[in-house]
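Asker: Everything in the sequence shown is counted per full-length UniProt numbering, starting at 1 for the first residue and increasing by one. After the structure tokens below, expect a handful of questions from me.
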Amino acid sequence: MKPGGVMTLKRAAALVMVGVVLTVISYGALVVWLTWPISEFSVAKSGTFGDSFGVITALFSGLAFAGIILTIMLQRQELTESREIFRIQRFEGSFYRLLELYRKNLSEIRINGEDGVSYTGIDALNSVCRRLNTAMQRHLHLLQGGQGLMEYEVQLFVEVQKLLLRQARYLGTLQSLLDLVERDLPTDEDRAPYWDIISSQVTSNEARYLFYCCLVSDQNDRLRELMHRSGLIGHRLRPTSISNTHRATYERIHGVPVPRPRIQLVTPYPRDVIKRINRKEKKARSKSGAADRS
């Protein structure tokens with residue numbers, strides 16, 4: 001419902017009332033003008049003058065009925081608005097409870113590392129991603145010459161499924177969170193702020209873990225579908241420490257590009273000024289080198 005719906009109806013009601021008052025005043029002025037000058041004041045003449053307003057009586061009856069209809073419409077609009085407010089409050093309550101549960105399930109993840117140390121939470125996800133990176137180093141020779149890409153991708157899938165155990169509660173809560181936003185909000189414009197909230201809670205180590213989980217997921221995996229729909233993979237989350245080969249593999253298999261995050265450097269001068277400075281510096285170094293050689 002549009003926020004100005006109730007106000008529009010109230011404005012219409014005010015205009016109707018103003019119109020009624022103006023109509024009565026105008027009609028009365030017209031009757032007086034037509035009967036002027038009044039030569040005799042009597043009860044009979046006054047009655048005749050009063051009877052001339054009989055037309056307006058019927059008009060008032062119609063306007064009274066219209067007023068009842070307008071009141072019903074106003075109440076209906078206000079009820080719809082109240083329901084919408086209640087729906088949003090209920091959604092946000094569910095959303096933030098699930099978000100809190102998501103963080104709780106993340107903190108309860110426990111993984112034993114190869115060094116015998118027990119890792120929890122984000123450190124646990126980072127640990128398995130490091131192990132995956134180490135394991136894939138052994139298969140880099142397959143990429144030499146560009147002939148062993150298919151075999152490398154097979155080994156990548158094997159290592160991911162062997163090392164990155166799916167944390168069911170953690171991933172399930174994230175799926176429920178994304179499902180709630182997808183189901184209860186009608187448009188992507190409404191969903192975008194909540195997708196941004198979710199992405200702001202996901203660290204780079206989580207994003208890397210989620211990337212590999214989605215990479216090897218089943219064809220009809222609901223979590224991967226929601227990650228793509230929300231833009232968490234491909235737009236909002238751009239995990240670092242993922243090789244270009246793995247990004248290209250993801251795009252080829254799932255059709256979603258995963259660009260590297262761009263680093264925007266803040267400089268004290270405009271770019272064209274910095275380029276001129278660099279050119280002058282380079283020219284000065286080349287002259288200095290030529291002088292040293294001579």
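Glycine included, C-beta positions come from ideal geometry on N, C-alpha and C. The structure presented is a predicted model; accordingly, all values stated were derived computationally and were not measured.
1) Have a look at the DSSP bridge pairing and note the partners of Tyr119.
2) Check for me: the alpha helix (DSSP H) holding His139 runs from which residue to which?
3) My output table needs one value for Leu171: the three-state DSSP class, helix, strand or coil.
4) How big is the Cα-Cα spacing for Ala248 and Gly234?
5) Rounded C-beta distance between Arg103 and Gln201? I'm assuming under 8 Å.
6) Please confirm if the stretch 201-221 is in contact with the stretch 180-188, defined as three or more CB-CB distances below 8 Å between the two stretches.
7) For Ser127, count neighbouring Cβ atoms within 10 angstroms of its own Cβ and tell me buried if that reaches 16, exposed if not.
8) Considering only C-alpha positions, which residue in the set Asn278, Gln161, Lys287, Asn244 is nearest to residue 295?
9) DSSP puts Ile233 in a beta bridge; with which residues?
10) Can you tell me whether DSSP reads Leu99 as helix, strand or coil?
11) So which of Ser26, Gly113, Leu74 has the shortest CA-CA distance to Arg11?
12) If you drop the 5 nearest sequence neighbours on each side, which residues of the same chain put their C-beta closer than 8 Å to that of Thr203?
13) Just the C-alpha distance for residue 296 and Ser230, rounded to the nearest angstrom, thanks.
14) I need the boundaries of the alpha helix (DSSP H) containing Val158, first residue and last residue.
15) Exposed or buried, what is Glu206 when buried is set at 16 or more other beta-carbons lying within 10 Å of its beta-carbon?
16) If you reduce the DSSP assignment to three classes, tell me which class Arg262 lands in.
17) Given a cut-off of 8 Å on the beta-carbon distance, is the pair Leu232 and Ser199 in contact?
18) CB-CB under 6 Å to Glu251, same chain, minus the five flanking residues each way: which ones, in chain order?
19) What's the C-alpha gap between Pro3 and Ile85?
20) Excluding the 5 residues preceding and the 5 following Tyr194 in the sequence, name in chain order all residues of the same chain whose CB lies nearer than 8 Å to its CB.
21) For Ser176 and Leu101, I'd like the C-alpha separation in whole angstroms.
22) Should the stretch 153-173 be regarded as contacting the stretch 86-93, the criterion being three or more beta carbon pairs within less than 8 Å?
23) With Ile198 as the anchor, note down where its alpha helix (DSSP H) starts and where it stops.
Answerer: With the structure as the only source:
1) Ile111
2) Here His139 belongs to no alpha helix (DSSP H), and DSSP marks it neither H nor E.
3) helix
4) 12 Å
5) 7 Å
6) no
7) buried
8) Past the boundaries of the shown model lies residue 295; the chain is included only from 1 to 294, so the question cannot be answered.
9) Leu237
10) helix
11) Leu74
12) Ile122
13) Residue 296 lies beyond the stretch modelled for the chain, which goes from 1 to 294, so this question has no answer here.
14) 149-163
15) buried
16) coil
17) yes
18) Pro257
19) Confidence is the limiting factor: at Pro3 the pLDDT is only 47, short of 50, which leaves the residue's position unreliable and the question unanswerable from this model.
20) Phe95, Val181, Leu185
21) 11 Å
22) no
23) 188-201
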